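Residues 32 to 298 (the working numbering) are what the sequence shown spells out, left to right.
Structure first, commentary second.
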Amino acid sequence: MLLAILASALAMSLIVGVRYLIVSGAFAAATHAKHPGLYAGLSAQMRREVAWSLASALIYGVPAGVVAWGWKTLGWTQIYADIHAFPLWYAPVSVLLYLFAHDTWFYWTHRWMHQPRIFKLAHAVHHDSRPPTAWAAMAFHPIEAITGAVIIPLLVFLIPIHIACLGLVLAIMTVMGVTNHMGWEVFPRFMWKGPVGAWLITASHHQRHHDLYRGNYGLYFRFWDRLCGTDKGVGDFVKAHAQARVRRGGGGGGGAGADAAGRGRHE
Ligand SMILES: [Zn+2]
Ligand SMILES: [Zn+2]
């Protein structure tokens, strides 16, 4: 039995690690195509980001593997496979419930990790990326990785969810984790500006967290930040793109268009 649990945990770690490499790799390639040179001079940092992220993947695999084993062999969790087990309207509601619960957990644990002593111990690793890249999505100290790893395996015991909806939640989690750190905005303007953007978090919002070290603690929604007065608004990428130009050896170069676009976004 112990061996089966260990095998399940290792399999999950492998899945999380490979998923990270594929998604971060894809968005790093997209960054290279869209903003060539944006990650210039950051090779050592990116190697660090990959190493911390793969260590985090190992940690993420443990609770996920134990729960996956219990689901298969002992019928644990509220995950269901028959879409008609609940009314159809519940499927999108369950996705929103998971995202909101995850966001709530993230906001408060993240804010807690910004207390000076805990920051040094558990969260400085994530903020060592200056500026973060697409590879920083899972660059966490093991303590931070544990806080991130337990939440979805816990929620599947509490909130019923169809297996495909759970897949969607995990896909959203993965893509947002990467795109929030990659140094430019991939989403359409309405998602980070205007009435919808006022409540959603994308790179323009999280980038400001990495810039200021304070505020903008949320993950998917600006709800808690706005409610608790920690929302610092959306930023832009002008400074980061200018710094990339300096690292490349100055001059306007390919980043000029991107920077102009960034300036247009400035709030
Ligand atoms: Zn932080
Ligand atoms: Zn971050």
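Positions of the beta carbon are idealized from the N, C-alpha and C atoms, including for glycine.
From a predicted model like this one, the values you see are computed outputs, not experimental measurements.
For residue i, report the span of its alpha helix (DSSP H) as first-last.
{"i": "ALA86", "result": "74 to 105"}
{"i": "GLY48", "result": "33 to 65"}
{"i": "ASP256", "result": "254 to 258"}
{"i": "ALA271", "result": "269 to 278"}
{"i": "PRO173", "result": "173 to 189"}
{"i": "TYR138", "result": "121 to 144"}
{"i": "THR205", "result": "194 to 210"}
{"i": "ASP242", "result": "234 to 243"}
{"i": "HIS115", "result": "Where HIS115 is concerned, there is no enclosing alpha helix (DSSP H), given that its DSSP letter is neither H nor E."}
{"i": "LEU226", "result": "For clarity, residue 226 is Pro in the given sequence; the question names Leu instead. Taken as a continuous stretch (DSSP letters only), the alpha helix (DSSP H) holding PRO226 covers 225 to 228."}
{"i": "HIS157", "result": "155 to 158"}
Which term fits residue i, buried or exposed, when burial requires 16 or more other beta carbons within 10 angstroms of its beta carbon?
{"i": "PRO73", "result": "Before going on, a small fix: residue 73 reads as Leu here, not Pro. Buried, by the Cβ-count rule."}
{"i": "ILE232", "result": "buried"}
{"i": "VAL47", "result": "buried"}
{"i": "HIS63", "result": "exposed"}
{"i": "MET32", "result": "exposed"}
{"i": "ASP262", "result": "buried"}
{"i": "GLY280", "result": "exposed"}
{"i": "ARG239", "result": "buried"}
{"i": "PHE113", "result": "The identity of residue 113 in the sequence shown is Asp, whereas the question assumes Phe. Exposed: under 16 other Cβ atoms inside 10 Å."}
{"i": "ALA299", "result": "Outside the shown range of the chain (32 to 298) lies residue 299, about which nothing can therefore be said."}
{"i": "THR178", "result": "buried"}
Which residues in the same chain have their Cβ closer than 6 Å to the Cβ of residue i, if we skip the five residues on either side of it in sequence?
{"i": "ALA95", "result": "MET43 and PRO184"}
{"i": "LEU45", "result": "none"}
Which same chain residues end up closer than 7 Å to residue i when comparing Cβ atoms and leaving out the 5 residues on each side of it in sequence?
{"i": "ALA195", "result": "none"}
{"i": "ALA88", "result": "SER44, VAL47, GLY48, TYR51 and MET169"}
{"i": "VAL54", "result": "THR205, VAL206 and VAL209"}
Pairing CB atoms from the stretch 266 to 283 with CB atoms from the stretch 56 to 76, are three or more of them under 8 Å? Contact holds: three or more Cβ-Cβ distances are below 8 Å.
Any contact of the stretch 240 to 257 with the stretch 132 to 139, i.e. 3+ C-beta pairs under 8 Å? yes
Just to be sure I understand the criterion: a residue counts if its Cβ is closer than 7 Å to at least one heavy atom of ligand 2. Which residues meet that? HIS157, PRO163, ALA167, ASN211, HIS212, HIS237, HIS240 and HIS241
If you pair each beta-carbon of the stretch 198 to 217 with each one of the stretch 163 to 178, do three or more pairs fall below 8 Å? The stretch 198 to 217 is in contact with the stretch 163 to 178.
Validate contact between the stretch 76 to 83 and the stretch 199 to 209 using beta carbons, cut 8 Å, 3 pairs: Too few Cβ pairs lie closer than 8 Å, so no.
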